[in-house]
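Protein chains: 2
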Amino acid sequence: MTETQILNYALNQFAGIDADAFELSAPYWQRKTYAKGEFYNEYKNVCKYLGFILDGVFRTYYIDDDSADEKNVFFYSKNQVVVAYKSFVTQTPCSYYTESMTESTVLYIHINHLNELYGKSHDWERFGRLVAETAFNLAMNRAEQFMFRTPEQRYLELIQNHPDIFNNVPLYHIASYLGIQAPSLSRIRKRMVGK
Amino acid sequence: MTETQILNYALNQFAGIDADAFELSAPYWQRKTYAKGEFYNEYKNVCKYLGFILDGVFRTYYIDDDSADEKNVFFYSKNQVVVAYKSFVTQTPCSYYTESMTESTVLYIHINHLNELYGKSHDWERFGRLVAETAFNLAMNRAEQFMFRTPEQRYLELIQNHPDIFNNVPLYHIASYLGIQAPSLSRIRKRMVGK
DNA sequence: TGACGATCTTAACTTGGGTTAAGAATATAG
DNA sequence: CTATATTCTTAACCCAAGTTAAGATCGTCA
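Quick note, the sequences are listed as chains A and B, same order.
Going by UniProt numbering, the first residue of the first sequence is number 1, and it counts up by one from there.
Going by UniProt numbering, the first residue of the second sequence is number 1, and it counts up by one from there.
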């Protein structure tokens, strides 16, 4: 499959974008490769693009003023959308950094073109709504992980639900995502060997 | 001001709903009072109504299978929307309970009527989008509170940003919302006296 | 393959929340 | 205005995560 076909297929799966609707969007998608550590969007920048990950893993992280260290907020991997959602929909500066953690390839579309598509087709309107719901679910899941689960439970769920991320990301980044320090994650892993 | 005028004003503030658009919706709004402890929506029920709180405080909470105790997820108070958002937009059973914590008064609208309004007016379409954004912000803020702040910081921010809630809710419910036990909140409060 | 840098684990100690149960303070109703 | 229920605080003990620094392991590239 060509990259365009992959995108077509994925958009159809995600939001029922049909061949005609995809045709409308075809001229707008651009391709970009990211080096490891390259930013998708930076702190204080307005996010103008919505990206579809063909390959690679991205993370968005927060830099704490006091503690000065990075806290991972979201991971995004292959066949997922990468976007600084709030910044993108409100076109306001972002509070986070979003960077590529590996060599990555992305197809992306500009917000103006997306807005244009919203007006042209119900399929794309539905896509917009589903991206909104996805963003909400992402945020809500994150809140629930912290409100209802222990670090150990969060760790197990990550391995279960996102082995692709677990297998491609250093443990100290996993720890940060789980809301704990690297030594704590080591202890959790050690404790679990007995089970 | 009559209750309808209050609603009209609030909808205009929130989403720029103009007089004509409000007129369209007027026949659909219903009024209901809730006794303390009465449910707005229950676990496993599909949330069919979006409510506007004229007076009172609501909470949504989660019941943990293991620990068996309630965990407060959101508070909603006067002049805010109360709705089990995910259940409402997807019309699927809710994972939470949402109940009134005080005597409350609500104006509510059925999802079918709201969908009807979306088709009839751009003002109402915008309203729908803004409710979606509000829900996202609520969830994202909650995630951020847990990812980036200590329990003490969360406590201070709650007092700062939501004194109305702080003043109308027992401390053990605040503790649950902050993700800690009541004795821990007492310790935090004691620690803070010195500052 | 050998050396360097990156990553992961471990140890020792500190800190803060969890748990349980008792008691103090506050509200509420009779 | 007392009795009762509700809410809040305190105490004592436990346990998990934070912190810091050292050492082990792993990868990579010259």
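Idealized CB from N, CA, C, for every residue including glycine.
Are any of the Cβ atoms in chain B nearer than 8 Å to that of residue i?
i, result
"K71/A", "yes"
"E133/A", "yes"
"V169/A", "no"
"G179/A", "yes"
"Y62/A", "yes"
"F166/A", "no"
"K86/A", "yes"
Taking all protein chains shown into account, do 16 or more other C-beta atoms lie within 10 angstroms of the C-beta of residue i, making it buried, or fewer, making it exposed?
i, result
"K86/A", "buried"
"residue 197/B", "In the structure as shown, chain B begins at 1 and stops at 195. Residue 197/B is therefore absent and cannot be evaluated."
"T60/A", "buried"
"D69/B", "exposed"
"M140/A", "buried"
"N115/B", "exposed"
"A10/A", "buried"
"R142/B", "buried"
Could you check whether the Cβ of residue i sits closer than 8 Å to any Cβ belonging to chain A?
i, result
"M147/B", "yes"
"R191/B", "no"
"R59/B", "no"
"A143/B", "yes"
"S89/B", "Checking the sequence shown, residue 89/B turns out to be Val, not Ser. By this cut-off, V89/B is an interface position."
"A139/B", "yes"
"K120/B", "no"
"D127/B", "Just to set this straight, residue 127/B is Phe in the shown sequence, not Asp. So no, F127/B is outside the interface."
"F136/B", "yes"
Using 8 Å as the threshold, is the C-beta distance between residue i and residue j below it?
i, j, result
"F58/B", "Y40/B", "yes"
"P151/B", "I180/B", "yes"
"F14/B", "L130/B", "yes"
"M147/B", "F146/A", "yes"
"Y97/A", "E38/A", "no"
"L7/B", "S121/B", "no"
"E103/A", "A35/A", "yes"
"D164/B", "K78/B", "yes"
Can you list, in chain order, the residues of its chain whose CB lies under 6 Å from that of residue i, leaving out five sequence neighbours each side?
i, result
"Y108/A", "Q30, Y49 and G51"
"T105/A", "T33, L54 and D55"
"Y118/A", "W124, E125 and G128"
"F88/A", "C47"
Output needed for residue i: all residues of its chain with C-beta closer than 8 Å, excluding positions within five of it in sequence on either side, in chain order.
i, result
"T92/B", "V46 and K86"
"L178/A", "P151, R154, Y155, L158 and L185"
"F166/A", "L158, I159 and I174"
"H113/B", "S25 and Y28"
Could you give the distance in angstroms between the alpha-carbon of residue i and the alpha-carbon of residue j?
i, j, result
"L54/B", "D55/A", "50 Å"
"R149/B", "E125/B", "35 Å"
"I17/B", "V169/B", "32 Å"
"H162/B", "S100/B", "17 Å"
"I133/B", "V193/A", "The residue asked about is misnamed: residue 133/B is Glu in this sequence, not Ile. Cα-Cα distance, rounded: 43 Å."
"D64/A", "K71/B", "27 Å"
"V82/B", "F127/A", "26 Å"
"L138/A", "Y76/A", "11 Å"
"R191/B", "C94/A", "35 Å"
"T2/B", "N12/B", "15 Å"
Using C-beta distances below 7 Å, list every residue in its chain close to residue i, excluding the 5 sequence neighbours before and after it, in chain order.
i, result
"Q80/A", "I53"
"L171/B", "A182 and L185"
"A135/B", "Y85"
"I188/A", "P151, E152 and Y155"
"S176/B", "E70, K71 and N72"
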